[in-house]
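In case it helps, this note's numbering puts the sequence shown at residues 10 to 911. By construction, the Cβ of each residue, glycine as well, lies at the ideal position given by its N, Cα and C atoms. Owing to the predicted nature of the structure, the values given are computational and were not obtained by experimental measurement. What follows is one structure encoded as structure tokens, with my remarks underneath.
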Amino acid sequence: MSKERKQTGKLAARSGKNWMIVTIAGVLWVTPVLGTGQVLQDTLQISSVAMAASTTKISEEMITAGAKMINYRYTTTRSGASSNVLANVIQVDLNNPNVKLDVMTGKQGKFNSKQSTGGMVKETGAVAGVNGDYFNVSGEGAPIGGQVMDGVLMSTPSELSGMQALTVTKDGKPMIDEYSFEGSVTASNGSTFKLRGMNKEDYTLESGSVKYSHANSMYIYTSAWTSVKRPNDPATAAATEVLVQNDVIQQISYKTPLNTTIPEGAYILRAHGTAGEWINTNLAVGQSIRADYKLIAKTTGQTVNPNNLDMMIGGHTLLVNGGREASFSRDVSSIGGYRARTAVGYSQDGRYVYLIAVQDNSSSSGMSLSELQKFMVSIGVWKGMNLDGGGSTTMITRPLGEMNTGLAFATEYGTEQRAVINGLGVYSLAPQGQLKGLTISGTSSMLVGQEGTYSLKGYDTYYNPYDMSGASVTWKSSNGNVISTSGGKITATGGGTATLTAVSGSASAKMQITVVGASNLKSLKAGAGTGSLQKGAAIAIPITATTKDGQSVSLPADSLKWEFVGFKGSVSGDTLTVSSVNSGTSVGYAIGRYDGFSTVVVLTTAGQTMWENFENVSYPISFTTNASGVTGAARVVNGTGEKSGSKVLELSYDMNGGSGKMYAYAQLNGTSGKQIESSATALSMDVLGDHSLNWLRAEVLDANGKTVYIDLARNINWTGWKNISVDLSGSDIAYPAKLKRLYVVNLEEGQDERAMAGTVAFDNIALTMPSLSSEAGLPTGTAKFVIGQKSVTFNGTKKAIDAAPVLKNNATYVPIKHVLDAFGGRATWDSKNQRVTILRGGKLIDLTVNEKEFILNGQRLSASVAPYISGGRTLVPLRLVSEQLGLTVKWEQKTKTVTIDS
10 MSKERKQTGK
20 LAARSGKNWM
30 IVTIAGVLWV
40 TPVLGTGQVL
50 QDTLQISSVA
60 MAASTTKISE
70 EMITAGAKMI
80 NYRYTTTRSG
90 ASSNVLANVI
100 QVDLNNPNVK
110 LDVMTGKQGK
120 FNSKQSTGGM
130 VKETGAVAGV
140 NGDYFNVSGE
150 GAPIGGQVMD
160 GVLMSTPSEL
170 SGMQALTVTK
180 DGKPMIDEYS
190 FEGSVTASNG
200 STFKLRGMNK
210 EDYTLESGSV
220 KYSHANSMYI
230 YTSAWTSVKR
240 PNDPATAAAT
250 EVLVQNDVIQ
260 QISYKTPLNT
270 TIPEGAYILR
280 AHGTAGEWIN
290 TNLAVGQSIR
300 ADYKLIAKTT
310 GQTVNPNNLD
320 MMIGGHTLLV
330 NGGREASFSR
340 DVSSIGGYRA
350 RTAVGYSQDG
360 RYVYLIAVQD
370 NSSSSGMSLS
380 ELQKFMVSIG
390 VWKGMNLDGG
400 GSTTMITRPL
410 GEMNTGLAFA
420 TEYGTEQRAV
430 INGLGVYSLA
440 PQGQLKGLTI
450 SGTSSMLVGQ
460 EGTYSLKGYD
470 TYYNPYDMSG
480 ASVTWKSSNG
490 NVISTSGGKI
500 TATGGGTATL
510 TAVSGSASAK
520 MQITVVGASN
530 LKSLKAGAGT
540 GSLQKGAAIA
550 IPITATTKDG
560 QSVSLPADSL
570 KWEFVGFKGS
580 VSGDTLTVSS
590 VNSGTSVGYA
600 IGRYDGFSTV
610 VVLTTAGQTM
620 WENFENVSYP
630 ISFTTNASGV
640 TGAARVVNGT
650 GEKSGSKVLE
660 LSYDMNGGSG
670 KMYAYAQLNG
680 TSGKQIESSA
690 TALSMDVLGD
700 HSLNWLRAEV
710 LDANGKTVYI
720 DLARNINWTG
730 WKNISVDLSG
740 SDIAYPAKLK
750 RLYVVNLEEG
760 QDERAMAGTV
770 AFDNIALTMP
780 SLSSEAGLPT
790 GTAKFVIGQK
800 SVTFNGTKKA
810 IDAAPVLKNN
820 ATYVPIKHVL
830 DAFGGRATWD
840 SKNQRVTILR
850 GGKLIDLTVN
860 EKEFILNGQR
870 LSASVAPYIS
880 GGRTLVPLRL
890 VSEQLGLTVK
900 WEQKTKTVTI
910 DS
């Protein structure tokens, strides 16, 4: 069985400094050592100790015979608030002959290469897998720890205290321990020399008289090491190398490494200093030579013959021992914080191995190491250790009945998988079985009016996929008002939950489907909610629906029913296009409804204003940083590629000389910033990405002297130009404001996972300023209504109205028409849905008769009063509506007078 494997740990080549290996944000890192031996590092502090934790099994599903996925929710308390964390566990039964756990390595099962966990799973034919060991991200592509893959020793443990490893013997017995390596080579004259290890990068030793790993030492390199540098270590470059094949010396190169890769079945002895002199004295071409080596388990002192191992993978600290939280076997201060985590452990009887991945994404808040310990104990881990985490944490699995594998959950970078050195793969050894069961493949949530795509998948007696092509399938719904299966098409007809049943022959499968209806929604957002009222304008309006329980659902904009006020237009995909503007119109509205729930895009003649295109910059732009050692430049340059012929703001940075949290700023107009005159609801710009995975932000100083930080992109995960749009409506910025800086942030936590140097660029910074026109032209003044009187006085002029204001339950009601006649706007009545829709300035309000909830610009809000019908007229709560429209309402009890000001 061919396999490939990866890992995440770190080492670094030496260059005139002393280095010590520490761990930072889930990887090993190399840091300078002071003369006193003190390690230079910053420690991420956790704000509070987790309290009152609980573990809840959410679901479980077979992956293959002997392996299943179990999903958990871990609930704990942090700083007095409850936190929920999602963790996924693959349980592998070592007693089941139909499943195998093994290491996956790089590309084609070799070192000196990296690959995503998903890529390794696909290449090796695994049915599931997780990322593995630590490695040096800027190194040569080899693991820090020991590794045995498919019964073959590929790497020996580094001489680093407390680093654990998982082994599984060929008779299926797991063990986690700290392992050391002992070996020697024996010349034909009987002379021997100590072997230091196999297929290792160079690193600084933590103890002993020898400071550097490869100095005066001998290592074996096998064909698993594909690079001709063994290793790429300038400090011991004058190494002697011996090519051995079939236990016979084929070639010796004294103090000059052989410029060749290693043939399959052969190995090269790499020797420096005294080790090289031993070779020069004792070995000759054509002589026989023998290499002997073994592993020693620290806890038991047990000698382990690598030939008796099925697999071995290295990790970091011990987490669980004897079913209890263990003392950390290695300093963990620099891998703290709440992060995605990967770990491995086994049960007390040694039957089950648990591959554990903790999520850190929009659905889950990660774990600290102490929380991970508690979680592992709670699910039955007897002994367990930490694997590489953070941005490396990846779990791949194959859903029951599916042919292909995929991400079990979003990584810290979404769908992007970090390339790593190795991983743990789960392999099915089962033969083809008979059809055992069926599953339905398709989404478990739909939108009203959406036609779903569903298929029937089969699995055999070993829970491996079973080919269902050509099978006849009948679909049934438990509730036709929610899901229709008419004509063989599966369509969502209304909000609610229904069970979809698929029948094929005598077998059947069921899936519960939830159709998101208006009653489930809390909000409906259309892009930035604003745009330009100009013929030909194309406005991005991706729809985000947020349910009452906090879930976010993306909807195609063209799945909504649209009404255009003040212009003619169309919606295709997620783009609103203005085809023509009605004469005399300065404010237009695109009203979209999903199952009756409304959202609005307010278009104004001001619309999107070009704030800076860098063509004629008359103010200074400079580079600044917060950290010593960070360098860079910020300047206006000629654009390239699609920006050829225009000027852009370029920000280049190099953070390799800095430490801690580092910022690279493009500072506008010295320390003053450039002014934003009026209230802006959205900011957009073109950004040239460098795929550094750093954080991109903007800094604004508002009129009250408050600094507001705007996230442009949490991860710069693209290359080339990309348009970014940011909603500013909730930023609480007082205008006029000033945009002071655009900048890149490299956080200390997980720093190894991001680029330390790069170049980004900015162009066409535009602001949407609806305040410039959406409220312009609206009447201003004062209106007075008196309870029981069919008149209104506006700016001193009295005018008759056809219905008097009414006082009911301490609230004043009036036909909304009279308010809008005075202050501008329009109202429409939907008799079918008993709904009043009000438009004024930048506001859309939906009020429904006898309902206290109302919709304001796509947000569901609640009031203490509701509209009602009296005498054939719909009366609305005067204060509620007026204040939501931006008007001021006052009540005079003595005269029963309501005064409205604008």
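Asked, Found
"Rounded distance between the beta-carbons of L697 and A770, thought under 8 Å", "4 Å"
"Cβ-Cβ distance between P886 and G833 below 9 Å", "no"
"Straight-line gap, Q259 to I229 (C-alpha atoms, nearest Å)", "15 Å"
"Beta-carbon proximity check, S122 vs T235, cutoff 9 Å", "yes"
"The ligand ZN heavy atom lying under 8 Å from the CB of L328", "Inclusion of the ligand ZN in the displayed structure is not the case, the ligand content being empty and no account of it being possible."
"Rounded C-alpha distance that separates K220 from A244", "12 Å"
"G538 and T586 closer than 9 Å at C-beta", "no"
"Unbroken alpha helix (DSSP H) run spanning R888, endpoints", "L887 to Q893"
"Nearest-angstrom Cα separation, counted from P876 out to T857", "7 Å"
"Coarse secondary structure for P315, derived from DSSP in three states", "helix"
"Where R240 falls: helix, strand or coil (DSSP)", "The sequence as given places Pro at residue 240; Arg does not occur at that position. In this structure, P240 counts as coil in the three-state DSSP scheme."
"Cα-Cα separation, L530 to R869", "8 Å"
"8 Å CB neighbourhood of P745 in its chain, flanking five on each side removed", "Q684, I685, E686, S687 and A712"
"Cβ-based burial, R427 [other Cβ within 10 Å; buried from 16]", "buried"
"Whole-angstrom C-beta distance between I742 and V709, which should lie under 8 Å", "6 Å"
"Pairwise C-alpha distance: M664 and T640", "7 Å"
"Within 9 Å, strictly: CB atoms of E425 and A349", "no"
"Limits of the alpha helix (DSSP H) - the one that I386 falls within", "First, the amino acid is wrong: residue 386 is Val here, not Ile. That run of the alpha helix (DSSP H) goes L378 to S387."
"Own chain residues within Cβ distance below 6 Å of A366, not counting five before or after", "N97, V139, T351, T402 and M404"
"Coarse secondary structure for E651, derived from DSSP in three states", "helix"
"Reference E411, options S374, G467, K485 and T290, closest by Cα", "G467"
"Of the residues L169, T165, S372 and E210, the one placed nearest K303, counting alpha carbons only", "T165"
"Per-residue DSSP class, three states only, for T45", "Bear in mind that a pLDDT of 30 at T45, under 50, signals an unreliable position, so the number given afterwards is only what the model happens to contain. Correct three-state label for T45: coil."
"Exposure label - S661; buried when at least 16 CB within 10 Å", "buried"
"Start-to-end residues for the beta strand (DSSP E) that takes in D772", "A766 to T777"
"Boundaries of the alpha helix (DSSP H) in which A831 is found, first to last residue", "I825 to F832"
"Separation of G496 from K731, as counted between CA atoms", "43 Å"
"Distance between I719 and I7 (C-alpha atoms, nearest Å)", "The first residue shown for the chain is 10 and the last is 911, placing residue 7 beyond what the model contains."
"Whether A137 touches T406 by CB criterion (9 Å)", "yes"
"Where Q798 falls: helix, strand or coil (DSSP)", "coil"
"Extent of the continuous alpha helix (DSSP H) run through V130", "T126 to T133"
"Euclidean distance between Cα positions of E70 and I79", "7 Å"
"Residues bridged to G138 [DSSP beta-bridge criterion]", "I405 and G434"
"C-alpha gap between G797 and K817, whole angstroms", "12 Å"
"M60, buried or exposed, once every other Cβ within 10 Å from all chains shown has been counted against 16", "Reliability fails at M60, whose pLDDT of 49 lies under 50, so the model's placement of it is uncertain and the value that follows must be treated cautiously. Exposed, since its Cβ has fewer than 16 Cβ neighbours within 10 Å."
"Residue(s) in a DSSP beta bridge with S517", "V512"
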